[in-house]
Amino acid sequence: MKNNPDIYLLYEYMEKLPFTVRLKVQLDAPVDAKMLDQAAQEAIKRFPYFKVQVGLDKKQNYTLSHNVRPIAVLPEEDERLVLGSEAVNGHLFAITYRDDCIWFNFSHAPCGAFGGMFWLKTTLYQYMLKKYGEITAPKDLKLPGTPVTDGELAFPDVSSLPKDEPIYRYDGGDSNLALWRTLKYLINPFVSNSYYYQIEIPTKEFMEYAAKIDGSPNTILAAMMYKASTHFLKEKKDTHLSVRIAADYRGEIGADESYRDFVRFIHIRYEWDMKDESIEMLNMRARGALIKQNQKELGVERFVRLQKAHDGIDEQPDLKSKRSYAMSNSAFRNDPRDNSTISYVGKMDWGDMDKHIKGLYTITDGDLMLEVNALRDKFCITFQLIDKKREPLDRFCEILDNEKIPYTVSDRYTRYLPKIKLPKP
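Dropping the structure here:
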């Protein structure tokens, strides 16, 4: 490894696919801007690997160097923030707020939602200390002043990992039935926004339903998205529908505590003739796919592929060729295509902060993509679409109705995923 692992996704940046993330927290009271700014400056010092700015060295490699300027804490506007710009003091991380909501905006290059939660939790805790006094902290909280651990920084050496072959690899092939939606979004120069809806499902009722059909949030939502998709995607001969589930593989490569993003996908192939099956049966099929593909060897294989792509980028002579190589050898772009995606971080410990959090939503790239977070009393689902047609949402809600699962759904929101300003040669 010649360079910081956190730079490589930046080479794949496109304005319409910026690889940025927003974590939206709705609180039970309006945000105090002064307290939030104080909390943000205290919290970011705990994460020197996030307190950085992007540069370019003589070999036209992106670099990350310490950024001494304050992290930006700004009012939320109905427009896309530009990370790396002067408006945010050159940072790849920034905070915005409006009314009772806080948005944690960041580049996906250093981390995904798992690592971003490190920063979010610490910032929120510092804020609530100021607002409410002493509160019980989450057990995994990274307090300001505590040392950064080796586990946080873990990026394994490929040569140290086992080279065993997996027993099973997914061979279901691409499902391109929803691809036209994405191409339409990329080609049309007048489409600059994409959208999401917030769905809330009570934890008690959802988990009782899961126990009844022997499912998990991931497998149940995958089954429901397949079922919904059969009503708004057109059946064609010799095609199938598939759903992907994001799977964290940091444990498979010995990087359990790392802030970096180690995600691969479990692919679930469904055939058109399964569309009349029950959610229980479709859930069982998803569980079977998880069992087959949940292998340590597949995580190692993914990491080796990632490292090979990084090495290839390093070998290119200039920024243009590095970007071209990165896009052609992207682990994300070269995955099998699926119609929809389920991404669930898992239940997290919030301590007493949970009392003041009304909603938590992850906003990312992706069409027909469900980002899922769990609070004590509810599941918060971000149902993401790239256009204003809400038929996929309506069909999904019909499934919830049919299964007698209570829920609420919000009005439509615009994602406003941040852009990134990167240095040029």
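Just so you know, the numbering used here puts 439 at position 411 of the sequence shown, and the rest follows in order with no gaps.
For every residue, glycine included, the Cβ atom is placed at its ideal position computed from N, Cα and C.
Beta-carbon spacing of residue i, residue j below 8 angstroms
i	j	result
GLN226	SER438	yes
PRO172	GLN154	yes
LYS303	LYS255	yes
ARG404	LEU207	no
GLY379	PRO138	no
VAL271	ILE370	yes
MET312	LEU152	no
ASP106	PRO58	no
GLU280	LYS348	no
GLY179	GLU285	yes
LEU23	PRO451	Outside the shown range of the chain, which is 29 to 453, sits residue 23, and nothing can be said about it.
ASP56	LYS386	yes
ILE319	ILE296	no
VAL47	TYR39	The residue asked about is misnamed: residue 47 is Phe in this sequence, not Val. Against a cut-off of 8 angstroms, the Cβ pair of TYR39 and PHE47 comes out as no contact.
ARG333	ALA359	yes
Three-way DSSP call (helix, strand, coil) for residue i in this model
i	result
TRP300	helix
GLY83	strand
CYS408	strand
THR174	coil
CYS129	strand
ASN204	coil
PHE260	helix
ASP382	helix
THR267	coil
PRO184	coil
PRO420	helix
HIS136	coil
GLY143	helix
SER358	coil
SER371	strand
PRO190	coil
THR151	helix
Closest residue to residue i among the options (Cα-Cα distance)
i	options	result
VAL96	LEU111, PRO46, ASN117 and GLU104	ASN117
TYR196	HIS384, VAL53, LYS449 and GLU329	GLU329
ILE448	VAL53, GLN54 and GLY83	GLY83
LYS350	ALA359, ARG361, PHE360 and ALA337	ALA337
LEU388	LEU398, PHE407 and ASP377	PHE407
GLN335	ILE99, PHE183 and VAL49	PHE183
ASN221	TYR277, PRO420 and ILE414	ILE414
LYS416	ASN401, ARG443 and GLU426	ARG443
HIS384	ILE130, GLU280 and ARG278	ILE130
SER203	PRO33, LYS264 and GLU180	LYS264
ASP377	MET397, LEU189, ASP276 and PHE142	PHE142
PRO346	PRO46, ARG50, GLN88 and ALA67	The question names Pro, but residue 346 is Asp in the sequence shown. ASP346 has its Cα closest to that of GLN88, out of PRO46, ARG50, GLN88 and ALA67.
ASP168	TYR287, TYR198, GLY394 and GLU193	TYR287
GLY200	GLN66, MET235, ILE294 and LYS62	ILE294
MET156	MET63, GLN344 and ASP301	MET63
GLY282	ASP185, LEU398, ASP342 and GLY340	ASP185
ARG418	MET42, TYR441, ASN401 and ASP342	TYR441
THR436	PRO230, PRO103, GLU305 and SER244	PRO230
PRO98	LYS73, TYR90, TYR77 and GLU104	LYS73
GLU104	ALA314, ARG50 and GLY374	ARG50
Residue i classed as buried or exposed, judged by whether at least 16 other C-beta atoms fall within 10 angstroms
i	result
TRP147	buried
LYS170	buried
LYS149	buried
ALA115	exposed
ILE433	buried
THR124	buried
THR177	exposed
HIS136	buried
GLY144	buried
SER187	exposed
MET253	buried
GLY394	buried
HIS94	exposed
LEU211	exposed
THR247	buried
LYS86	exposed
LYS79	buried
GLY243	buried
SER356	exposed
ARG315	buried
Assumed close pair residue i, residue j - CB separation to whole angstroms, cut-off 8 angstroms
i	j	result
TYR36	ALA354	7 angstroms
HIS268	GLU299	5 angstroms
ILE409	LYS52	Going by Cβ atoms, the distance from ILE409 to LYS52 rounds to 13 angstroms, so no, they are not a contact pair.
ALA68	VAL101	5 angstroms
LEU120	PHE132	Rounded, the Cβ-Cβ distance is 12 angstroms, inconsistent with contact.
ASN32	LEU92	5 angstroms
GLU399	GLN412	7 angstroms
LEU189	PHE331	7 angstroms
ILE307	GLU162	In fact, because the Cβ distance is near 45 angstroms, the residues do not count as touching under 8 angstroms.
TYR372	GLY327	Actually they are not in contact, since the Cβ atoms of TYR372 and GLY327 sit about 17 angstroms apart, beyond 8 angstroms.
beta-carbon residue i near the ligand SAM non-hydrogen atom, thresh 7 angstroms
i	result
MET397	Ligands displayed in this structure: none; no statement on the ligand SAM is therefore possible.
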